[in-house]
Structure formats: structure tokens, C-alpha cells
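In what follows, a structure is listed as C-alpha cells, so that the remarks can point back to it.
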Amino acid sequence: MNITGISLNHKTAPIEVREALHLNREEIADFIPRLREAFLEEGFVISTCNRTEIFGFLKNDSIDLNPIISALINFKPVEGIKPEHFKKYFSCGALRHIYNVASGIDSLVIGDSQILGQVKESFELAEEMNFTGSLIKKFFDSAIRVGKRAIRETGIGEGAVSISYAAVQVVDKIFANLSKKSALIIGAGETGELAAIHLKDKGVGKIAIANRTIERAEKLAEKLHSEIVPFQFLKEQLHNFDIIISATSAPNTIISRQDIAAAVKKRKGSPLCIVDIAMPRDIDPEVKNIDNVFYNDIDSLKIIVDQNMQRRVNQIPEVEKIIMEEMVSFIGWYNTLEVIPTIKSVRDFFESIRTDELEKIKHKISDEDYAKLDDMTRRMIGRILHNPTIKLRSLAESGTNYQDTANYSLILKELFDIDNKNKDNNSKD
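Numbering (this note's numbering), first residue to last: 703 to 1131.
Okay, here's the thing in C-alpha cells:
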């Protein structure tokens, strides 16, 4: 099975190299024709923030993948990139690696929920570029099945493993119905934006954004269809929100214990959930001692993240079982590509003998007797070939060694001298 691949990822190269080598959709579309012309019959290219990989079926039997690496480096020169930043995969190793990627166990964040979609997109682009044949399509189906089974049958994707998502999970546990709650996000940077997106996905009733730079607040508010709280009026508006998530880059606290105490008083006992995911902290941690205030900071959230990550790591053996099942299934299918033509050749060989012998007596017996002999000999050949056919197919489907299957087919052909018989028949034609 001559599927091979190269991978530059978070395990093999620093982030600067990974970022610089990232290929966008247009670049991949430009690069695929070069791969098809020189190296691969069919294949695909995956490029995300943490990996750039090329996999496919080689045009020849060469096991030297350095020319593909050189072609990629020449296509997109990157300062500091070296051949040793790439890992090479062959045959079953290539198959296993893509299954690991699709299932999320090879991701920087174990169980990454985005990677399966990114794998799908890479296959879809390859198909658009006519870079896929029956082998890659079958491989695609099995890889996607691995990813879906991992999500459905294991806990590899469960639990928050980012601080932003952990913050929202804490909020979700405090309030039974988020659709009736309002949230204030302080800070429109990446962390605050992620928290706001997660809250919106959870169905929170209202979101407002506060940021020192009004332009950034407006940009995020427009993206989320949310409101804006002018930063200079922030403290006066705190009581209007059930949830406060703060994630600024301020060097000191921006909200004091007194600010929160005043807001709680105006809320007349209604619970207030505060999650401070800034470093250093934005909100005085003493607010946790105020009645009806539920407070979490980055340290308490990190405990949740670490626990969830460990649960995901513990699920890896279960995912690996799925991967092994799908590998055996795919390799079994691949092996049948060799035996099916052999089985047909053997059946054709026996059928030619049967028809030749019947032809010799066709004019010596009645039509009725000829029909009986035709039926009897057809059933006889079927019974003779039934067990060898079933056994050969079973060996192919259950085996993991393509060469063994090829050897079985070769022995069968040599046993009946099938290839030479076919040559003789062709020469007669």
C-alpha cells in the first residue's frame, strides 16, 4: 500500500515555522497541480495553524519523500525551515497518522473539535481539484468515520480545555436558564472575544462589550450583534448584568470590592457571577466574600481545564481501539483490490474449460440433455470454486499485510497458469 505523507506540526517545528509555512486555500489550490504532475496520483493537503501535511498515493515505488519536501519549501520559502522539521510516513504509518489527526488525539489540544472539519475541507478541496480517485475517497470516508466515532463513542472532546470556555461552563452551572440572563464582557481582545462567542453559543439573553478602545468594542459588538457599554461608565452599569467576564490587559485592578458591593446592593440580592480571566487580575478577589457573588479567577479555572484535559488524555486508548478497527477494515478492503481480479481470472479460466468441453459434445446429444449438462457443470464449477473464493477473500479482508495477499493471488495464478493461458488466448485472437 503505497500511501505516504510528510508532516510538519507542533511536535516537529516551532510555532514561527508552522505559522510561516501555513498554506491558505488559494495556495493549496496552486500547489496541488505540482504534486499531481510530479509525485502523487491522488492525495490531499492539510494546512492549519499547527500543521501542514501532504498525503497521497505515489506515482512510482520510490520511498524517497525528500523531493516532495523540497517542492513544498521551494513553493513557499520559509526562513529557518529545515528538512528535519518534517516527519515522513509510509503505508500503515501514514494511515494511522491521518486517523490520529482526524480523531483529535494528535492535536496540540487533545480532542480539538475543529480538526475534523479542517480534515473534511482538505478532502473537499482535493476533490474540487480532481486530485482524488477511488483510493483517496475510500480513505476519506474511513478517516471521517474515525473522527465521528471518536466523538460519539468516547469522551475525547468533552470538557472545557481553554480558559475562555471554562469560564462559560462555570457560568452555565450557576444559572439554569442563560436565555434570561445578561452578560458583560470587559475587554475585546482574543480571550474576551472567545468568551463572548461561547456565551452566545450557549444562548445567553443579552451581551454587552466594554473596552478602553471604543473601536475594538464596536467591532466585536457588531460581530456578535451585541451592545456597547462605554468604558468610562463601566462601574455605573455593573448592576445591570447577571454575568461579568473580565479579560483586559490592564496592569492593575480596574474594579474594586466597593464597586461590586454597590452593584450587588442595587441588584437587591439577585446573584452575580464574576469570572476574572485576566492576568494580572482585573477585579479585586475580595469580592468573593460578598453575599450572592459567585467568583472565579484564572487559577480556579485552570484547575477545571487541567482536570478536563486529563480526562481527555485518559480517553486516548479508547480512541486508539477505534483507529485500529478502522485500519483493519481499510487495509482489508485495500487487499481485496488484489484478490478480486484474481478470483475473476480463476472463474473465467474454469468457465472456459467448461464451455470448451461442452462444445465438443454439443452436436452429439439432444438439446434437452445439453441443457442438463450445462446446468450441472455450471453448478459443479461453482461448488469447486466456492471454498477457495471465500477463503481468499476472507484472508484479504482480515489480513493486515498486503504483500501476503498478493502472494496468495500469485500462487493461485501460477497453480493454474492463468497469466500464460490469458496470453495464449489473446494471441489466438
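C-beta atoms are modelled at their ideal positions from N, C-alpha and C, and glycine is treated no differently.
Asked, Found
"Thr893, enclosing beta strand (DSSP E) - first and last residue", "Note, Thr893: premise wrong, no beta strand (DSSP E); alpha helix (DSSP H) at Glu892 to Asp903."
"Local conformation of Lys784 per DSSP, three classes", "coil"
"Own chain residues within Cβ distance below 6 Å of Ala828, not counting five before or after", "Phe746 and Thr834"
"Residue span of the alpha helix (DSSP H) that contains Arg798, given as start and end", "Ser793 to Ser805"
"Buried/exposed call for His927, threshold 16 Cβ in 10 Å", "exposed"
"Collapsed DSSP secondary structure at Lys789 in the structure displayed", "strand"
"Buried versus exposed, by CB contacts within 10 Å (16 or more), Leu725", "buried"
"Cα-Cα separation between Lys790 and Thr706, rounded to whole angstroms", "8 Å"
"Whole-number beta carbon distance between Val977 and Val873, since they are thought to touch under 8 Å", "7 Å"
"Lys1130 (DSSP reduced to helix, strand or coil)", "Its pLDDT being 47, under 50, Lys1130 is placed unreliably by the model, and nothing is read from it."
"Three CB pairs or more closer than 8 Å across the segment 1022-1036 and the segment 794-805", "yes"
"Where the alpha helix (DSSP H) containing Leu940 begins and where it ends", "Leu940 -> no alpha helix (DSSP H), and no H or E assigned at all."
"Cβ-based neighbour list, Ile817, same chain, cut-off 6 Å, excluding 5 preceding and 5 following", "Gly806 and Ser809"
"Test item: CB-CB of Gly859 and Gly813 under 7 Å", "yes"
"Cβ-Cβ separation, Ser884 to Gly907 (assumed contact under 8 Å), whole Å", "6 Å"
"Same chain only: Cβ atoms within 8 Å of Glu718, ignoring 5 sequence neighbours per side", "Gly782"
"Complete runs of the beta strand (DSSP E) confined to the segment 960-1006 [at least 3 residues]", "974-978 and 995-999"
"Contact the segment 987-998 vs the segment 968-975: 3+ CB pairs below 8 Å", "yes"
"Exposure of Thr893, with buried meaning 16 or more beta-carbon neighbours within 10 Å", "buried"
"Own chain residues within Cβ distance below 6 Å of Ala980, not counting five before or after", "Ser948, Ala949 and Thr950"
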